[in-house]
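Participant: My questions all concern the structure below.
Protein chains: 2
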Amino acid sequence: MIGAIEAGGTKFVCAVGDETGNIIERIQIPTTVPEETIPRVIDFFKQYSIKAIGIGSFGPIDVNRESATYGHITSTPKPGWRDFPFVQAIGDVFSVPIGFNTDVNAAALGEATFGAAKGLDSCLYITVGTGIGAGAIVQGNLLQGLSHPEMGHILVRRHPNDVYRGKCPYHHDCLEGLAAGPAIEERWGVKGDLLVDRMEVWEMEGYYIAQALMQYVLILSPKKIILGGGVMKQEQVFTSVYQYLQEFVNKYVVLPELSEYIVSPGLGDNAGITGSLMLGYQALLEAK
Amino acid sequence: MIGAIEAGGTKFVCAVGDETGNIIERIQIPTTVPEETIPRVIDFFKQYSIKAIGIGSFGPIDVNRESATYGHITSTPKPGWRDFPFVQAIGDVFSVPIGFNTDVNAAALGEATFGAAKGLDSCLYITVGTGIGAGAIVQGNLLQGLSHPEMGHILVRRHPNDVYRGKCPYHHDCLEGLAAGPAIEERWGVKGDLLVDRMEVWEMEGYYIAQALMQYVLILSPKKIILGGGVMKQEQVFTSVYQYLQEFVNKYVVLPELSEYIVSPGLGDNAGITGSLMLGYQALLEAK
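From first to last, the protein sequence lines are chains A and B.
Counting in our numbering, the first sequence runs from 91 upward without gaps.
Counting in our numbering, the second sequence runs from 91 upward without gaps.
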């Protein structure tokens with residue numbers, strides 16, 4: 091049995107399952123402070139005989155195995171979690187191989203193993219919700235270089251009708267600053283759920299997301315793009331994304347039919363936890 | 091002995107050498123039409139006993155081995171070269187393993203093997219010249235997905251003082267449309283060589299290139315960035331790139347000291363031909 095932790099900013103999902111992606115049991119734990127949340131995580135896993143654990147965590151995190159702070163959550167503004175040694179905290183209790191990556195890289199792995207990109211050695215998973223983040227599989231590996239990607243903060247051109255300043259504390263009007271859920275709410279004065287019939291809201295959202303996809307496609311050339319997260323549940327955004335991306339690319343590169351190329355997660359809300367399970371499985375294989 | 095072809099839009103460089111990067115002989119051939127250029131390439135290699143050939147080609151090219159048009163130059167506007175079956179034309183004469191990739195991916199490979207990124211499993215090579223292109227090594231492999239990257243055409247924000255429309259026939263004011271050599275010449279009315287003392291020229295150039303680097307860093311997180319090509323011989327551009335990139339990133343991600351992170355090619359103008367040699371060597375190893 092393999093353990094999986096999908097560590098998000100508001101909740102932790104913990105699960106046990108197997109390498110076929112089958113989830114046997116799961117729980118949700120609110121993300122408060124490590125002293126409260128982690129003991130509950132440990133209590134859950136203690137019920138089972140687990141051979142490995144995979145962690146898909148909110149970030150930024152240190153994924154560089156040669157670093158002294160490998161396995162830590164690093165510069166998050168979330169109270170209590172800054173510099174938290176996540177892998178060590180779990181590894182001190184469970185002497186098993188531990189896989190550790192970002193929540194979005196985990197989701198990309200889940201989708202590439204069992205979801206919308208099943209069987210492909212390349213995909214991009216983007217979540218548009220409270221924040222914007224992306225993970226990628228490149229030639230069969232989770233994308234990593236100096237560190238993990240931080241694709242949500244790329245620069246975008248402002249929509250001609252957008253006078254909203256932007257919400258990112260670092261860059262104001264980067265992609266996340268203009269297109270994540272909190273930016274939509276602040277720009278239009280109400281939550282996205284109450285804006286369903288306001289076409290201009292989703293046209294503008296599609297404009298920003300399509301720009302990001304233009305950059306991702308030209309830089310990474312993924313074989314499949316998966317758009318998840320709360321904002322993407324407004325399905326009208328996809329229509330706007332397809333239209334703008336077609337306009338931006340302008341036939342410069344040949345892409346598959348966009349409605350098949352850019353899709354919702356095949357695993358729905360389970361992409362992250364399933365991918366975390368696979369991170370655990372990978373760690374198990376590597377340890378052998 | 092291994093053969094190497096660096097196929098550019100104005101000239102072909104052909105060389106023979108070995109897997110240590112040692113180049114024994116080389117020639118230059120003008121790029122006219124395939125019927126003229128290719129026989130001269132073949133005549134050169136016929137003088138030697140070569141065990142493999144590596145080709146780093148101008149693009150776009152088809153690098154997908156499962157495609158019916160693998161090894162072709164595809165949609166280039168260059169007369170005579172559209173749909174040219176490059177690998178086949180060479181392979182029909184020399185029955186040896188042939189490596190085939192973009193000129194910029196080859197240059198990235200050359201720099202990662204013997205140049206500024208020697209020993210690293212990750213780097214980005216960008217050329218800013220007649221066009222803008224980039225190649226990358228990601229976790230030890232040449233970056234490839236659905237196709238090869240086309241990073242020169244990413245979207246950028248316009249510099250507040252720039253009223254030039256942009257030169258890209260597909261996107262007008264994408265990175266290449268605003269920052270490649272021909273755009274500099276058209277915007278300012280004279281070639282870049284005659285603009286050395288015009289600070290505003292290089293400040294604007296740095297603004298565009300730093301934006302591109304911001305996106306590349308957040309998406310790929312390369313361990314080293316190499317900036318080559320004719321425009322980058324104006325070394326004052328580096329200063330502007332460092333300043334703007336620092337401003338754009340705004341400490342959101344931790345980067346090495348920029349003057350060590352973003353550098354000129356260690357192999358100078360030999361990055362492409364040396365990388366092409368290594369493409370040949372890789373093909374030889376794969377065939378064994």
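Virtual Cβ for every residue (Gly too), placed ideally from N, Cα, C.
Using DSSP bridges, identify the partner residues of Arg116(B).
Facilitator: As a position in the second sequence, residue 116(B) is number 26, starting the count at 1. Ala105(B).
Participant: Pick from Ser157(A), Pro169(A), Pro175(A): whose alpha carbon is nearest that of Ile163(A)?
Facilitator: Working through the first sequence from its first residue, we reach residue 163(A) at position 73. Comparing Cα positions, the closest option is Pro175(A).
Participant: In chain order, which beta strand (DSSP E) runs of at least 3 residues are fully inside the segment 126–156 of chain A?
Facilitator: 142–147, all fully within the segment 126–156 of chain A.
Participant: For Leu214(B) versus Pro355(B), is the C-beta distance shorter than 8 Å?
Facilitator: As a position in the second sequence, residue 214(B) is number 124, starting the count at 1. As a position in the second sequence, residue 355(B) is number 265, starting the count at 1. For Leu214(B) and Pro355(B), no; Cβs fall outside 8 Å.
Participant: Check whether the segment 286–306 of chain B and the segment 326–336 of chain B touch, using three or more Cβ-Cβ pairs below 8 Å as the test.
Facilitator: Segments in contact, yes.
Participant: In chain B, what lies closer than 8 Å to Val218(A) by C-beta?
Facilitator: Working through the first sequence from its first residue, we reach residue 218(A) at position 128. What Val218(A) touches in chain B: nothing, since even the nearest Cβ is about 16 Å away.
Participant: Could you tell me whether the Cβ atoms of Gly256(A) and Ala273(A) are closer together than 8 Å?
Facilitator: Numbered from 1 along the first sequence, position 166 holds the residue referred to as residue 256(A). Numbered from 1 along the first sequence, position 183 holds the residue referred to as residue 273(A). A contact, by the Cβ cut-off of 8 Å.
Participant: Relative to chain A, which residues along the segment 192–218 of chain B have a C-beta separation below 7 Å, given in chain order?
Facilitator: From the segment 192–218 of chain B, only Ser212 have a Cβ closer than 7 Å to chain A.
Participant: I'd like to check one pair, Gly358(A) with Ala142(A): are the Cβ atoms closer than 8 Å?
Facilitator: Your numbering for residue 142(A) matches position 52 in the first sequence. Your numbering for residue 358(A) matches position 268 in the first sequence. Contact flag unset, no.
Participant: Please list the residues of the segment 312–329 of chain A that have a C-beta atom closer than 8 Å to any C-beta atom in chain D, keeping them in chain order.
Facilitator: Going by chain labels, chain D is absent from the structure shown, which instead holds the protein chains A and B.
Participant: Going along the chain, which residues of the segment 252–277 of chain A sit with their C-beta nearer than 7 Å to a C-beta in chain B?
Facilitator: Those would be Tyr260, His261, in chain order.
Participant: Closer than 7 Å by C-beta to Ala206(A): which residues in its own chain qualify, once you throw out the five before and the five after it? Chain order, please.
Facilitator: Here the question's residue 206(A) lines up with position 116 in the first sequence. So the list reads Lys314, Ile316, Val353, Pro355, Gly356, once near-sequence residues are dropped.
Participant: Identify every run of the alpha helix (DSSP H) within the segment 208–282 of chain A, keeping only runs that are complete inside it and at least 4 residues long; order them along the chain.
Facilitator: Runs of the alpha helix (DSSP H) inside the segment 208–282 of chain A: 265–269, 271–278.
Participant: Suppose you measure from the CA of Met322(A) to the CA of Ile216(A); what does that come to, to the nearest Å?
Facilitator: Working through the first sequence from its first residue, we reach residue 322(A) at position 232. Working through the first sequence from its first residue, we reach residue 216(A) at position 126. Taking the straight line joining both Cα atoms gives about 10 Å.
Participant: As a quick exercise: from Val194(A), Ile117(A), Phe184(A), pick the residue whose alpha carbon is nearest that of Gly362(A).
Facilitator: Position 272 of the first sequence, counting from 1, holds the residue named residue 362(A). Residue Val194(A) is the option with its Cα nearest to Gly362(A).
Participant: Classify Val353(B) as helix, strand or coil using the three-state DSSP reduction.
Facilitator: Counting from 1 along the second sequence, the entry for residue 353(B) is found at position 263. In the structure shown, Val353(B) sits in a strand (DSSP, three-state: E or B).
Participant: At a cut of 8 Å, does the segment 279–286 of chain A reach the segment 240–253 of chain A through at least three beta carbon pairs?
Facilitator: Touching, no, given that fewer than three Cβ pairs across the two stretches are closer than 8 Å.
Participant: What are the partner residues of Gly318(B), as DSSP defines its beta bridges?
Facilitator: Translated into the one-based positions of the second sequence, residue 318(B) becomes position 228. Paired residues: Thr217(B).
Participant: Under DSSP, the alpha helix (DSSP H) around Gly98(B) begins and ends at which residues?
Facilitator: Numbered from 1 along the second sequence, position 8 holds the residue referred to as residue 98(B). From DSSP, Gly98(B) is part of no alpha helix (DSSP H); its letter is neither H nor E.
Participant: List the residues that DSSP assigns as beta-bridge partners of Phe190(B).
Facilitator: Within the second sequence, numbered from 1, the residue matching residue 190(B) stands at position 100. Looking at the DSSP assignment, Phe190(B) forms a beta bridge with Ile145(B).
Participant: Along the chain, where does the alpha helix (DSSP H) that runs through Ser366(B) open and close?
Facilitator: The sequence position of residue 366(B) within the second sequence is 276, counting from 1. Taken as a continuous stretch (DSSP letters only), the alpha helix (DSSP H) holding Ser366(B) covers 361–377.
Participant: Please name the residue, chosen from Asn231(A), Phe135(A), Glu156(A), that lies closest to Phe184(A) on a Cα-to-Cα basis.
Facilitator: As a working note, residue 184(A) is residue 94 in the first sequence. It is Phe135(A) whose Cα lies nearest to the Cα of Phe184(A).
Participant: Taking C-alpha atoms, which residue in Gly320(A), Gly319(A), Ile180(A), Pro150(A) lies nearest to Glu125(A)?
Facilitator: Walking along the first sequence from the start, residue 125(A) turns up at place 35. The option with the nearest alpha carbon to Glu125(A) is Ile180(A).
Participant: Which residue marks the beginning of the alpha helix (DSSP H) containing Gly296(B), and which one marks its end?
Facilitator: As a working note, residue 296(B) is residue 206 in the second sequence. Per DSSP, Gly296(B) belongs to the alpha helix (DSSP H) from 289–310.
Participant: From Leu210(B) to Glu240(B), what distance separates their C-alpha atoms?
Facilitator: Taking the first residue of the second sequence as 1, we reach residue 210(B) at position 120. Taking the first residue of the second sequence as 1, we reach residue 240(B) at position 150. Straight-line Cα distance between these residues: approximately 22 Å.
Participant: So with CB distances below 9 Å, who are the chain A contacts of Gln137(B)?
Facilitator: The residue labelled residue 137(B) in the question sits at position 47 within the second sequence. In chain order: nothing, as chain A lies at least about 36 Å away.
Participant: At a Cβ threshold of 8 Å, is Ile299(A) touching chain B?
Facilitator: If you number the first sequence from 1, residue 299(A) lands on position 209. No, Ile299(A) lies away from the interface with chain B (no Cβ there is under 8 Å from its Cβ).
Participant: Going along the segment 329–342 of chain B in order, which residues come within less than 9 Å of chain A, judged by CB to CB distance?
Facilitator: The residues in question are Phe338, Val339, Asn340, Lys341, Tyr342.
Participant: Could you tell me which of Leu303(A), Ser330(A), Ala377(A) sits nearest to Glu290(A), measuring between CA atoms?
Facilitator: One-based indexing of the first sequence puts residue 290(A) at position 200. Among Leu303(A), Ser330(A), Ala377(A), the Cα nearest to that of Glu290(A) is on Ser330(A).
Participant: Could you tell me which chain B residues have their CB closer than 7 Å to the CB of Val286(A), listed as they occur along the chain?
Facilitator: Locating residue 286(A) in the first sequence gives position 196, where the first residue counts as 1. Chain B residues near Val286(A): none, gap ~29 Å exceeds 7 Å.
Participant: On a Cα-Cα basis, can you pick out the residue from Val343(A), Glu347(A), Gly144(A) that is closest to Tyr306(A)?
Facilitator: Your numbering for residue 306(A) matches position 216 in the first sequence. If we check each option's Cα against that of Tyr306(A), Val343(A) comes out closest.
Participant: Name the two residues that bound the continuous alpha helix (DSSP H) containing Val123(B).
Facilitator: The residue given as residue 123(B) occupies position 33 in the second sequence. Taken as a continuous stretch (DSSP letters only), Val123(B) belongs to no alpha helix (DSSP H), as it is neither H nor E.
Participant: Kindly indicate the opening and closing residues of the alpha helix (DSSP H) around Ala179(A).
Facilitator: As a position in the first sequence, residue 179(A) is number 89, starting the count at 1. 176–181 is the span of the alpha helix (DSSP H), which, as asked, contains Ala179(A).
Participant: To the nearest angstrom, how far is the alpha carbon of Val339(A) from that of Asn360(B)?
Facilitator: Translated into positions along the first sequence, residue 339(A) becomes position 249. Translated into positions along the second sequence, residue 360(B) becomes position 270. The alpha-carbon atoms of Val339(A) and Asn360(B) are separated by roughly 32 Å.
Participant: Leaving out five residues on either side along the sequence, give the residues of the same chain with a beta carbon under 8 Å from the beta carbon of Cys264(A).
Facilitator: For the purposes of this step, residue 264(A) is taken as residue 174 along the first sequence, with counting starting at 1. Excluding residues within five positions, the ones whose Cβ falls inside 8 Å are Gly242, His243, Ile244, Leu245, Val246, Gly256, Cys258.
Participant: Could you pull out every residue in the same chain whose Cβ sits closer than 6 Å to the Cβ of Thr100(B), ignoring the five residues on either side in sequence?
Facilitator: Here residue 100(B) corresponds to residue number 10 of the second sequence, with the count starting at 1. Contacts found: Thr121.
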